[in-house]
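Report on the structure given below.
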Amino acid sequence: DDEGYRRQLSSLLGTVPYIDVVAVAGDGREALNALEKCQVDVALVDIAMPSMDGVEVTKVITECYPDTKVVILSGLVPEDYIEKVLATETMGFLTKDMGVDDIARGLRAASQGQQVQGEGKSCTHRESALSVFSVARAS
């Protein structure tokens, strides 16, 4: 993902009272390494990352860290990716054009066991049996 966007989003999410950003990673391998070092309630995973894409990372997280919920983040969500995402054990997906408040609400909903689907400037919650959020603060 774009480093500037990642930094800005983690900084803004860090100001939300119910979110504690515990790690920020630039690619799939970094994300998995971060999960070895800290407990994460919800991982916000970009669909397009170097080294491993979001679907691959999600599969590893759900297998190795079953208590960590995953929400996919994407700038574009092509129909074939939506199908791939929904085939994994994620809480759903959010899009990068959503405001930070909508993303935060989506993460909170996921952490409470609700399936989330964000498109455009809105986020809808579908009842389901999955959950979402903690990410890491960059030093």
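Take the sequence shown: its position 57, counting from 1, is numbered 235 in my numbering, and each next residue is one higher. Glycine residues also receive a C-beta, built at the ideal position from the N, C-alpha and C atoms. Every value quoted in this text rests on a predicted model; they were computed, and no experiment measured them.
Distance, residue j Cα to residue i Cα
{"i": "residue 222", "j": "residue 229", "result": "17 Å"}
{"i": "residue 198", "j": "residue 181", "result": "19 Å"}
{"i": "residue 205", "j": "residue 183", "result": "14 Å"}
{"i": "residue 201", "j": "residue 216", "result": "8 Å"}
{"i": "residue 307", "j": "residue 249", "result": "Bear in mind that the predicted position of residue 307 carries a pLDDT of just 24, short of 50, making it unreliable; the figure below should be weighed with that in mind. The alpha-carbon atoms of residue 307 and residue 249 are separated by roughly 13 Å."}
{"i": "residue 290", "j": "residue 189", "result": "23 Å"}
{"i": "residue 279", "j": "residue 294", "result": "14 Å"}
{"i": "residue 242", "j": "residue 285", "result": "21 Å"}
{"i": "residue 262", "j": "residue 227", "result": "15 Å"}
{"i": "residue 292", "j": "residue 203", "result": "25 Å"}
{"i": "residue 244", "j": "residue 271", "result": "18 Å"}
{"i": "residue 185", "j": "residue 275", "result": "16 Å"}
{"i": "residue 220", "j": "residue 214", "result": "14 Å"}
{"i": "residue 191", "j": "residue 234", "result": "24 Å"}
Counted within 10 angstroms of its Cβ, other Cβ atoms place residue i as buried (16 or more) or exposed
{"i": "residue 283", "result": "buried"}
{"i": "residue 287", "result": "buried"}
{"i": "residue 232", "result": "buried"}
{"i": "residue 187", "result": "buried"}
{"i": "residue 277", "result": "exposed"}
{"i": "residue 195", "result": "exposed"}
{"i": "residue 265", "result": "exposed"}
Nearest-angstrom Cβ-Cβ length linking residue i and residue j, presumed shorter than 8 Å
{"i": "residue 268", "j": "residue 296", "result": "So it is not a contact: roughly 12 Å between Cβ atoms."}
{"i": "residue 252", "j": "residue 281", "result": "The pair is not a contact, with the Cβ atoms about 12 Å apart (cut-off 8 Å)."}
{"i": "residue 218", "j": "residue 246", "result": "5 Å"}
Check: residue i C-beta below 7 Å from any heavy atom of the ligand PLP
{"i": "residue 281", "result": "This structure simply doesn't include the ligand PLP, nor any ligand for that matter."}
Handout entry: Three-pair Cβ contact test at 8 Å for the stretch 204-215 versus the stretch 236-254
Key = yes
Exercise for the section: Please go through the stretch 208-290 and give each complete beta strand (DSSP E) segment of 3 or more residues, from N-terminal end onward. Expected result: 220-224, 247-252, 270-273
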